[in-house]
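The structure appears right after this line, and notes come after that.
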Amino acid sequence: MDWSKIALAFLPPCAPNPNPAESLWAWLKRHALANNCPASMAERSVTARGKLESAQRRATLAATFWRQAKLF
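Plus 430 on top of the position in the sequence shown (first one is 1) and you've got this note's numbering.
Here it is as structure tokens:
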């Protein structure tokens, strides 16, 4: 692995705007789970976990969250 291409980004703990995790949660709520009506919290958890794992495999989606945070 070429470690010279890795950059550290220090994220403020209480500032939602420059935090890519906030964009991830917004995407999950507004798009991935928008029309989901689970019968139980367990079903909701399984569905959300599956959508998060799907997002993890989509490099362009993850890059979008970083761009929205204006960190890179």
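Note that CB positions come from ideal geometry on N, CA and C, so glycine has one too.
Open item on the list: Looking at the secondary structure, which residues open and close the alpha helix (DSSP H) in which Pro450 lies?
Closed with: As a first step, residue 450 must be located in the sequence shown, where it is residue number 20. Start and end: 450-457.
Open item on the list: Given this structure, state the Cα-to-Cα distance separating Leu438 from Ala469, to the nearest angstrom.
Closed with: Here residue 438 refers to the residue found at position 8 of the sequence shown. Here residue 469 refers to the residue found at position 39 of the sequence shown. Spanning the two alpha carbons is a distance of roughly 41 Å.
Task: Beta-carbon separation (whole angstroms), Asn449 vs Leu441, contact threshold 8 Å - done: If you number the sequence shown from 1, residue 449 lands on position 19. If you number the sequence shown from 1, residue 441 lands on position 11. Contact holds; Cβ gap of about 6 Å.
Task: Simplified DSSP assignment, three categories, for Ser475 - done: For the purposes of this step, residue 475 is taken as the residue at position 45 of the sequence shown. Per DSSP, reduced to three states, the secondary structure at Ser475 is helical.
TODO: Measure the C-alpha to C-alpha separation of Gln486 and Phe495 and round it to an integer number of angstroms.
DONE: Looking up residue 486 in the sequence shown gives position 56. Looking up residue 495 in the sequence shown gives position 65. Their backbone Cα atoms lie some 11 Å apart in a straight line.
Task: CB contact flag (Leu491, Ala478, <8 Å) - done: In the sequence shown, the residue the question calls residue 491 occupies position 61. In the sequence shown, the residue the question calls residue 478 occupies position 48. Going by C-beta atoms, Leu491 is not nearer than 8 Å to Ala478.
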